[in-house]
Amino acid sequence: MSRWPHDDPASLAAFYGDPAKDEPGRQLVPVIPPFQMYYEGQPVKQIQFHRKAAGALKAALEEIWEHYGRDQAKLDALRISHYSGAYNHRLIRGSADRWSNHAYGAAIDLDAEHNGFNTGHGTMPQPVIDAFKRQGALWGGDYRGRTDPMHFEFCSREPIARPLALVGDVQADGDSDGQGDPDVDQAPQGSPPGPSPSATGFFSRARNWIVGAASGVGFGGLGALTDWQIAVALFAFIFLSVVCTVTFVICFFGAEPVRVWVRKHVA
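Numbering (our numbering), first residue to last: -18 to 248.
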């Protein structure tokens, strides 16, 4: 049996408290990361998390820190240190009555810029995923259909002895935060909302689309590439496609007919 509540409103509220009454918000405790984390480039001193899940979050972060040899530069290069939000008293986006797992103080997002909603497995390193899963957390990259690879949540989707309608009542629509925690210490006062897939630059959006498409056909390894590497690969692919197309046309029709056609229609 999982140590975490089933991912349905009744189980979550019974375990973490009712967000409508701000019960989770009164049970938050600070989790101090073992390595330096950043929110929109600003250092994060602590992460406010539900007291029942704070120890598990701390343990996952400690395992990540140890796995990478306590090397801050390596964590920065992999963007593991890019914090994108935890506690946030809000509903699931698009829902009129369903609370986000962030509202229970039981979910955290990492590197939202490169792990946007519906981007396959994104770029989340496997050791990070494994560290959270060892604490019983669910990873948004495992969602069926639309994925949310930035997102980790301390709840369960194991079958429970409840009516079938409730067993299937899970947050499979992507529960990522993508915003800061405006009421806690680590979010700078007056900070604008954090990055979301629609707010990133062109190459980040193109990168997320390419990685998501590649993950869907078994090429999840592209997620390890950075934005500029994806851009170089994309331009190289386009260039090679043009060269191959031109070469094929010349070989098929002959150089002289192609030259005549170009002079007539292009020159």
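Glycine is no exception: its CB is placed at the ideal position from the N, C-alpha and C atoms.
Note that the structure is a prediction, hence the values are computed from the model and not measured.
| Asked | Found |
| --- | --- |
| Reference Ala(-9); option with closest CA among Asp78, Glu21 and Pro15 | Asp78 |
| Proximal residues to Ala1 (C-beta, below 8 Å), its chain only, five neighbours per side dropped | Trp80 |
| Cutoff 8 Å; reference His48; Cβ partners in own chain excluding five residues on either side | Pro108 and Ala112 |
| Stretch pair the region 10 to 23 + the region 93 to 106: three plus CB contacts closer than 8 Å | no |
| Rounded straight-line distance, which links the Cα of Asp90 to that of Ser65 | 5 Å |
| 6 Å Cβ shell around Glu44 - same chain, five flanking residues per side excluded | Ala112 |
| Nearest residue (CA-CA) to Lys26, options Ala37, Val12 and Leu72 | Val12 |
| Gly86 and Pro5 closer than 7 Å at C-beta | yes |
| Where Ser137 falls: helix, strand or coil (DSSP) | strand |
| Runs of alpha helix (DSSP H) lying entirely within the region 39 to 95, each at least 4 residues, in chain order | 53 to 58 |
| Top-ranked residue by Cα proximity to Trp(-15), from Glu134, Phe216 and Ile231 | Glu134 |
| For Phe16, three-class secondary structure by DSSP | coil |
| Ser222, buried or exposed, once every other Cβ within 10 Å from all chains shown has been counted against 16 | exposed |
| Nearest neighbour of Asn132, chosen from Ser76, Gly235 and Ile61 [CA to CA] | The question names Asn, yet the displayed sequence has His at residue 132. The shortest C-alpha separation from His132 is found at Ile61. |
| From Trp242, Val213 and Leu215, residue whose alpha carbon lies closest to that of Val227 | Trp242 |
| Same chain only: Cβ atoms within 7 Å of Gln116, ignoring 5 sequence neighbours per side | Ala37, Ala40 and Ala41 |
| N-terminal and C-terminal residue of the alpha helix (DSSP H) that Gln107 is part of | Gln107 to Arg115 |
| Trp120, DSSP secondary structure in three states | strand |
| Phe234, DSSP secondary structure in three states | helix |
| Cβ neighbour criterion (16 or more within 10 Å) applied to Phe30 | buried |
| Residue span of the beta strand (DSSP E) that contains Pro24, given as start and end | Gln23 to Val25 |
| His246 in three-state terms, based on DSSP | helix |
| For Ala54 and Phe(-4), the rounded distance between their alpha carbons | 38 Å |
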